[in-house]
Structure formats: structure tokens, C-alpha cells
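I have placed the structure first, in the form of C-alpha cells, so that the comments after it can refer back to it.
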Amino acid sequence: MTELGLAGAGVGFMFLLILLKVPIGVAMALAGFVGFGLLGGWGASLSILVSEPAGILESFELAVIPLFLLMGSFATAGGLSADIYRLAYAFLGNRRGGLAMATIGGCALFGAVCGSSPATAATFGRVALPEMRARGYAASFAAGCIAAGGTLGALVPPSIIMVVYAVLARVPILDIFVAALVPAVIAVALHLVTIALYVRWNPKAGPAGERFSWAERLTVLRQSWAVLLLLVAVIGGIYGGVFTVNEAAAVGAVFAFVIALVRGRLTWRSFFAALEETAGNTAMIYLIIFGASIFSYFFTVTGAPEAMVRSVEGLDVPPLVVIFALLGIYLVLGAIFETVSAMLITLPFVLPLVIGLGYDPIWWAVINVVVIELGMITPPIGLNVFVLRGVARDVPLGAIYRGVMPFVAADIVRLVILTLFPVLSLGLLAWL
Amino acid sequence: MPGLSRPERLAVLGTRAVALLGLAGLLAIALVTVADVLARWLFAAPFAGVYDLSGLFIAVALAACFPAALAQRRNIRVTFFADLAGGALTRTCDALASLATLFFFVLLVWQLAIYAGELAESGQTTFVLELAVAPWWVAATILFALCLPVQALVALVDILAIGRPELSRYADADSAGGA
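Residue numbers (my numbering), protein chains in the order written: chain V, 968 to 1399; chain B, 13 to 191.
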């Protein structure tokens, strides 16, 4: 078998294992191990089975993952999500659809201290959904809004998926965080516009709440000191150059821990629960990174990425057509796999292709996150929708999908804009 | 839980304790990092060797997370297609998947043990504090080795569940979630 044939067989074997319910990280690792064994000998193949995971375990950059996860767990245990929601509601709640807007704003802010899409959706499902339903919001609209808002968790920096991409694509983490800022603002703005248009068309879906006076708003602002301090410390510290992303993750984890402690929210039970949740999620993510790294090694050695770039160049189609074809594929993948898996399964062959077409890997990081997150609210699977279904058992799946559809439309518009105008992602980076 | 519930429960509790120790240690490293940042920022006097210590300890803390994740069957898997088949075929897929996972961890632990041995022989140390690297990797390898009996137990339960559906632990625990 030729090297390229072996690469194709390796991809096929990986997907076969995945379809047989083998954990995605293990499927990628075994496909890479067997493929490289057939290509370069079993001794060499065994050596990458340790060199890649050992390098990942030693990676200082990737160590931000458990620390950011820890920050998110302590932030949730400390009740910061409720603070964020109350803060957003004080400023937006009086408008028609205001509670939904507050949810989007809250998801964006919580995304900055959580970094994960399903975790944001699950947290706000518990915090915001009961409030919205109690105030007469349509269940489908409320649940759809939270499922869509959850996707902001991965887009608003700092984001775990962006850290993983940065390490595997060998690009600076901070550059991706900076590049994601404007797209994150656009995402929030488009979601708010979507809500405004939706409740104008269907006023009963999101009735207006009470208006807070400025004195009341300032009181809420004061009561939210903890979360504001955390955001300023982590985000301000990173972008202000006070500390590195790794140090920011450590500061965030400790800060969130101290806040939860000071507020008396951290019992031994919730402390252990936060650690346990972090341990489980850390192991799941690292196992996928192990697998992706091993598979990527094998795939690169076969020369398949270069061959793919050459054959696509030979098609003589505009690069943008290829990019949009990739986006179509990612929409399907995002609806089947969770975010990290969808990105890492494809990174070994897609990234060289994108770079070969002349695009910036930092720009692709943003586009990749946006399209995969879109897949997470797109039928037939859409992980965030299932997360919401888990939180709100009495809301039918079909109703959540109906509620999320306006946001899917908004996200498609955003994806097209960001794809056609890379300056929206790269402009701030160039300017700084 | 019917059948092998006691050994499974012991595995979950034991590995949970290991994971908690690892994560508590990680939190301690985060505290030291914060102290280092403050010392550098306020007094221009950073602690020497924080990077060294963090690098070594993080690998051990991460290794401590894996046995618990395996014991609790916290994996990211695509269950949609195999579950379409239903019944014994789905449970056979579960068993095969567990055996594949066990096979991967056997290879990983084997190679990590060799790697730790090589580090011990070479006497490699960290750059600033000149701490020996090998003991930390031995610790990480031991923690990964804990995955083997745990995953063997998981595989055994899944194999038994092929013929006895009541033993299946995946009825409503399949995961597609994660970060």
C-alpha cells in the first residue's frame, strides 16, 4: 500500500473505531499507532505512543486547561453565574425580550470565566431558564436562547478549545484570544438583534420585565464586585501584559476559589465536587489531545497533507470555494462530535490545506471555533440542545430546536461575514 | 448495582481520592504561581524555579485524573450510530470499546515505564532548581498504571453485560459531551 493509501486507511480505521463507540481519543491514538506501525515499524510506533503523550503532559501551555476548568467549577460553586445574570438583567431586563438579552450577555461574560460551551449552556439552563419561564417566556424561545448563548462560552476568550488549537497548530495562544475578541462582540450583537427581531414578530415569546432605576443598577453592580474583579483580573491581566495566559489561569482558579470561600458557598462537598468535575473533564480532554497528537504525527509522516493541498490547488477553484466546502463539512461534524473532538479529528489534514490556500492559521482558529459551535446547535444532534434537554426535561427536543433556529440563522450570517472579511479577526491583532 | 457493584464502587471511590489529591496539588501550584506573580509585579522579585516545579507537578496532577475518569466511564464517544443497532450488538460495541481502551492504556503504561527508566538512567534534572526529573515521571507512570486494573474491571463488566443486559452501565450514561 502507498503512503497516501495508508493515510486514507488510517482515517477510515479511525472513523470505524469511533462508530464502534471507542472513545474518540483512543480511536485516534490506535489508528495513528497502527498506521505508523505499518509505515515505519512497530518500534518507532511504540515510541510515538510515549513521546507524544509525555510532551503533552509536560506542556506548560496546555496546563491552562485544568486551571481554567477549575476556575469555571469554582465560579459556578461560588454562585458567580447568578451574579452575572442578575447584572445583565438589571441593565437589559426592562426591554421586550430583555431577559433573553440578559441571558446572552450573561453567557458571554460567563464564557470568559468558564471557557466551555456545554458547561455555559448547562449553567445558564439552571440559572436563567426557570427565571424566563416564570416571567412568561415561551419555553422553546427561552431554551433555544440559552443553547445558542452557550456557544459563546467557547468563543469568548479565554477559551479551552482555542488553547488546544494554539498548542497543536503551534501558534501563540494570546494571538488567538485577541483575534476572537471582535468576532465575540459581533456574535453577542447579532444574538441581541435576533432576539429584538423575534420578540417584535412574536411579542408573547418574551414579555418585558421591570425597569431598574440607575440607583438599583449601581447597587446590583456593587453586589457583583466579585465577578467583575475576576473578569478584570483575568482578562485585564492577560491583555494588560501583567501576566501570561498560564499565570492568568492560575490567578483565575485561585481567585474563583477565594471568592467562593469568602462568600461561604464553598462547603467541603462543593469543593470536592468542583475538583472531581475538573478531574473528569481534564482527563477527557487530554485523552483526545493524546490521540490527536499521535494520529497527527502518523498523518503528517504519510505526506497526505501536502498531497491534499496539491490536489486541491490542482482543482483550480477559488480558495474561498474550498473554505466554504470545509465549513459545510464542519457543520455536519459539529452536529455529531463535541467541539474539541470535531476540531482535533480534522486538524491534521485541514490546517495544512487552509495554510496552503494562503489563509492565516489564527483566522482559521476563529472560523473553526465559530463553525463547530454552530454545529452544536444545529439539528439533528447539536450537543448544546441536548444539554438543555437534560436541564429542562419538560421541554420537548423539537421545541428547543424551533427556539434555536433564529440563532442558527444569525450564526450563519456571522460565519459568512467572518469568512469573507478576515480583517474582522485579524485587524485588532495587526493593530496591536 | 447488581453483580460486580462492590469492586466497581471501590474503584470509583479509590480513584476519586487519587484525583482529588492531584487536583488539590494543582490548586496548590496555582497558589504558588499567584504568589510568584504578585512578588514579581509588586516587588520585582519573582520566586526562582516556579516554572520548574509547575512543569514537574502538572504532569503528576494530570496523571492522577485518568483513573477516576476511567472508573466513572467519563469518555467522549459517539454513541448514536452503534445504538441504532440496539440490544446485544450495542453492548458488544461497548465491550470492544472498553477492550480497545484497555489495550491503549497497556501500551501507554508500558512505554511510560521505559521512558521513566531512561530518565532515571540519564539523571536528567530541571534547568533552574536542578531537581531530578525521573521520580516525578515514575509517580506519573504509577498513576497511569492505576488505570489498568480499573479499565480491566470496566471491560469485564462490559463483557459480562453482553449476555446480561442488567449489568450494562451505559443505559443512560453515554456521553457525547466535554469541553
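We treat Cβ as the ideally placed atom computed from N, Cα and C, and that holds for glycine.
Note that the coordinates shown come from a computational prediction; the quantities given were computed from them, not determined experimentally.
Under three-state DSSP, which class holds residue i?
i, result
"Leu1382 (chain V)", "helix"
"Ala1030 (chain V)", "coil"
"Thr1267 (chain V)", "helix"
"Phe139 (chain B)", "coil"
"Ala926 (chain V)", "Residue 926 (chain V) is absent from the structure shown; chain V starts at 968 and stops at 1399."
"Ser1399 (chain V)", "A small fix is needed here, since residue 1399 (chain V) is Leu in this sequence, not Ser. Three-state DSSP puts Leu1399 (chain V) in coil, outside helix and strand."
"Gly1004 (chain V)", "helix"
"Gln84 (chain B)", "coil"
"Val1152 (chain V)", "helix"
"Ile1344 (chain V)", "coil"
"Val1284 (chain V)", "coil"
"Arg89 (chain B)", "coil"
"Arg1245 (chain V)", "Note on identity: in this sequence residue 1245 (chain V) is Thr, with Arg being the wrong assignment. Thr1245 (chain V): helix per DSSP, three-state reduction."
"Glu1177 (chain V)", "coil"
"Asp1361 (chain V)", "coil"
"Lys988 (chain V)", "coil"
"Phe69 (chain B)", "helix"
"Met1038 (chain V)", "helix"
"Ala1240 (chain V)", "helix"
"Pro19 (chain B)", "helix"
"Ile1071 (chain V)", "helix"
"Ala185 (chain B)", "Bear in mind that a pLDDT of 38 at Ala185 (chain B), under 50, signals an unreliable position, so the number given afterwards is only what the model happens to contain. If DSSP states are grouped into helix, strand and coil, Ala185 (chain B) belongs with coil."
"Ala42 (chain B)", "helix"
"Tyr1253 (chain V)", "helix"
"Gly1325 (chain V)", "coil"
"Leu973 (chain V)", "helix"
"Ala173 (chain B)", "helix"
"Thr113 (chain B)", "helix"
Nearest to residue i by CA position, among the options, is which residue?
i, options, result
"Met1275 (chain V)", "V:Phe1353, V:Gln1190, V:Gly1323, V:Met1372", "V:Gly1323"
"Pro1033 (chain V)", "B:Ala42, B:Ala83, B:Asp64", "B:Ala42"
"Leu983 (chain V)", "B:Phe93, B:Val72, B:Arg176", "B:Phe93"
"Glu142 (chain B)", "B:Ala23, B:Tyr63, B:Thr27, B:Arg85", "B:Tyr63"
"Gly1082 (chain V)", "V:Gly1365, V:Leu1036, V:Pro1286", "V:Leu1036"
"Ala1151 (chain V)", "V:Leu1185, V:Gly1004, V:Ala1079", "V:Ala1079"
"Leu1293 (chain V)", "V:Ala1271, V:Gly975, V:Phe1316, V:Arg1137", "V:Phe1316"
"Asp1378 (chain V)", "V:Glu1340, V:Ala1095, V:Thr969", "V:Glu1340"
"Arg1093 (chain V)", "V:Leu1355, V:Met1038, V:Pro1389", "V:Leu1355"
"Val1333 (chain V)", "V:Val1279, V:Ser1237, V:Arg1230, V:Ile1143", "V:Ile1143"
"Lys988 (chain V)", "B:Cys105, B:Ile171, B:Val150, B:Leu111", "B:Cys105"
"Val46 (chain B)", "V:Arg1236, V:Ala1215, V:Gly1231", "V:Ala1215"
"Leu1016 (chain V)", "V:Leu1029, V:Val1212, V:Leu997, V:Arg1369", "V:Leu997"
"Leu1013 (chain V)", "B:Asp170, B:Ile171, B:Ala151, B:Val118", "B:Val118"
"Leu22 (chain B)", "B:Ala112, B:Gly98, B:Pro161", "B:Pro161"
"Val1371 (chain V)", "V:Leu973, V:Ala1049, V:Tyr1326, V:Ala1115", "V:Ala1115"
Just to confirm my understanding: we take residue i, look at its own chain, exclude 5 residues before and 5 after, and list those with CB closer than 8 Å. What are they?
i, result
"Ile1153 (chain V)", "Arg1381, Ile1384, Leu1385, Leu1391"
"Val30 (chain B)", "Ala76, Pro79, Ala80, Leu155, Leu158"
"Leu1135 (chain V)", "Ile1256, Ala1259, Ser1260, Ser1263, Leu1311, Leu1314"
"Gly1065 (chain V)", "Tyr1056, Leu1059, Gly1173, Ala1175, Gly1176"
"Leu1188 (chain V)", "Leu1054, Ala1057, Leu1195"
"Leu1198 (chain V)", "Leu1076, Ala1079, Val1080"
What do you reckon, is the C-beta of residue i under 7 Å from a heavy atom of the ligand NAP?
i, result
"Arg1102 (chain V)", "Of ligands this structure carries none, so the ligand NAP is not represented either."
Just to confirm before moving on: does the CB-CB distance between residue i and residue j stay below 8 Å?
i, j, result
"Val166 (chain B)", "Leu82 (chain B)", "yes"
"Val1352 (chain V)", "Leu1364 (chain V)", "yes"
"Ala1259 (chain V)", "Leu1311 (chain V)", "yes"
"Val1362 (chain V)", "Ala1110 (chain V)", "yes"
"Gly977 (chain V)", "Phe1304 (chain V)", "no"
"Ala128 (chain B)", "Thr153 (chain B)", "yes"
"Val1268 (chain V)", "Leu986 (chain V)", "no"
"Gly1117 (chain V)", "Pro1085 (chain V)", "yes"
"Ala71 (chain B)", "Leu1024 (chain V)", "yes"
"Met968 (chain V)", "Ala1223 (chain V)", "no"
Within its chain, find whatever has a CB closer than 7 Å to the CB of residue i; leave out the 5 residues flanking it on each side and keep chain order.
i, result
"Val1218 (chain V)", "Ala1200, Val1201, Gly1204, Phe1210"
"Gly1103 (chain V)", "Pro1174"
"Asp184 (chain B)", "Below a pLDDT of 50, predicted positions are generally treated as unreliable, and Asp184 (chain B), at 43, falls in that range; the measurement from the model is reported next regardless. None."
"Val1145 (chain V)", "Leu1395, Leu1396, Leu1399"
"Val1123 (chain V)", "Ala1075, Gly1078, Ala1079, Ala1151"
Which one or two residues does DSSP pair with residue i in a beta bridge?
i, result
"Ala144 (chain B)", "B:Thr137"
So, is the C-beta of residue i closer than 8 Å to a C-beta in chain A?
i, result
"Leu65 (chain B)", "Absent from the structure: chain A. Protein chains present are V and B."
Tell me which residues share the same chain as residue i and place their Cβ nearer than 6 Å to its Cβ, disregarding the 5 neighbours each side in the sequence.
i, result
"Ala1055 (chain V)", "Ala1069, Gly1072, Gly1073"
"Leu38 (chain B)", "Ala73"
"Leu68 (chain B)", "Trp148"
"Pro1272 (chain V)", "Phe1316, Pro1319"
"Pro58 (chain B)", "Asp48, Ala51, Arg52"
"Ser110 (chain B)", "Val166, Ala167, Asp170"
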